[in-house]
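**Student:**
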């Protein structure tokens, strides 16, 4: 950051959990340009457990929601800048889709669970064998085809990226990432949104 610009804009927002993103948006709204330093080398320490990862995602999500709420009015700015034409619309749509996906996923799982429990209870009441009536099948429809296509495409893309950066990986790790890890993102977002709505925002550093 340019120190003079940073000080002129009031410095970092100490109440924001992603103060680096927030100041970036504020700098752009003030008419300055933000560029990527491609020759910079940075390192990140990734979470070592599921609990610390969830807290990290919650912190980033809450900070993102704080930044979006603070700068949502940018879409009404007369002057065009990245926050107005890109950041706010993208973050708004992403948040809406994440919330919709979480709601749909929760509804489908609950509906499936209720139906299965009801079926099993009815079968037991009639003296039937639950294990014999349980069947597993795959419905070959457009959603299944699209899902498999997206899964394979993502798997190949990740392999290409990892090969490009000469990163060692195991195929089972990628499969776990695609099958389980990504499903936790909507849960982390839903938890973060609930914390924001309840006003229980913390730093999630402990």
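In the numbering used here, the protein residues as written are 66 to 271. Note that beta-carbon positions come from the ideal geometry of N, C-alpha and C, so glycine has one too. If you're wondering where the values come from, they're calculated on a predicted model, not measured in any experiment.
Can you say whether residue 126 is buried or exposed, counting buried as having 16 or more other CB atoms within 10 angstroms of its CB?
**Tutor:** Translated into the one-based positions of the chain shown, residue 126 becomes position 61. The residue in question, residue 126, is buried, as its Cβ has 16 or more Cβ neighbours within 10 Å.
**Student:** Tell me whether residue 94 is buried or exposed, calling it buried when 16 or more other Cβ atoms sit within 10 Å of its Cβ.
**Tutor:** Translated into the one-based positions of the chain shown, residue 94 becomes position 29. Result: buried.
**Student:** Are there 16 or more other CB atoms within 10 angstroms of the CB of residue 123, so buried, or fewer, so exposed?
**Tutor:** Here residue 123 refers to the residue found at position 58 of the chain shown. Residue 123 comes out buried.
**Student:** For a quick check, are the C-beta atoms of residue 115 and residue 92 less than 9 Å apart?
**Tutor:** Taking the chain shown and counting its residues from 1, one reaches residue 115 at position 50. Taking the chain shown and counting its residues from 1, one reaches residue 92 at position 27. Not in contact: residue 115 and residue 92 (Cβ atoms no closer than 9 Å).
**Student:** Could you pull out every unbroken alpha helix (DSSP H) segment of at least 4 residues lying fully inside the region 70-153, listed in chain order?
**Tutor:** Here the runs fully enclosed are 84-94, 115-136.
**Student:** Roughly how far, in whole angstroms, is the beta-carbon of residue 149 from the beta-carbon of residue 139, given that I think they are within contact range, below 8 Å?
**Tutor:** Locating residue 149 in the chain shown gives position 84, where the first residue counts as 1. Locating residue 139 in the chain shown gives position 74, where the first residue counts as 1. About 5 Å; that satisfies the 8 Å criterion.
**Student:** What's the C-alpha gap between residue 265 and residue 153?
**Tutor:** Along the chain shown, one-based indexing puts residue 265 at 200. Along the chain shown, one-based indexing puts residue 153 at 88. Going from the Cα of residue 265 to the Cα of residue 153 covers about 24 Å.
**Student:** Counting along the chain, where does the alpha helix (DSSP H) carrying residue 224 start and finish?
**Tutor:** Sequence index remark: in the chain shown, residue 224 carries index 159 (1-based). That run of the alpha helix (DSSP H) goes 207-229.
**Student:** Among the residues of its own chain, which have a CB less than 6 Å from the CB of residue 112, if the five just before and after it don't count?
**Tutor:** The residue you call residue 112 lines up with position 47 of the chain shown. Excluding positions up to five away in sequence, the list reads 118, 121.
**Student:** In three-state terms, what does DSSP make of residue 266?
**Tutor:** On the chain shown, position 201 is the one that residue 266 refers to. It is coil, neither helix nor strand.
**Student:** For residue 214, count neighbouring Cβ atoms within 10 angstroms of its own Cβ and tell me buried if that reaches 16, exposed if not.
**Tutor:** On the chain shown, residue 214 is found 149 positions in, with the first residue counted as 1. Result: exposed.
**Student:** How would you call residue 254, buried or exposed, if buried means at least 16 neighbouring beta carbons within 10 angstroms?
**Tutor:** Position 189 of the chain shown holds residue 254. It counts as buried.
**Student:** Under a Cβ-count criterion, where at least 16 other Cβ atoms within 10 Å of its own Cβ denotes burial, should residue 171 be classed as buried or exposed?
**Tutor:** Looking up residue 171 in the chain shown gives position 106. By the neighbour-count rule (16 or more Cβ atoms within 10 Å), residue 171 is not buried but exposed.
**Student:** For a cutoff of 9 Å on Cβ pairs, would you count residue 170 as touching chain B?
**Tutor:** The chain labelled as chain B is not found in the depicted structure, where only one protein chain is given.
**Student:** Let me know the secondary structure DSSP gives residue 255 once reduced to three states.
**Tutor:** To locate residue 255, count along the chain shown from 1; it is residue 190. Helix, per DSSP.
**Student:** Can residue 132 and residue 87 be called in contact, C-beta distance under 9 Å?
**Tutor:** The residue given as residue 132 occupies position 67 in the chain shown. The residue given as residue 87 occupies position 22 in the chain shown. Cβ distance < 9 Å, so residue 132 and residue 87 count as in contact.
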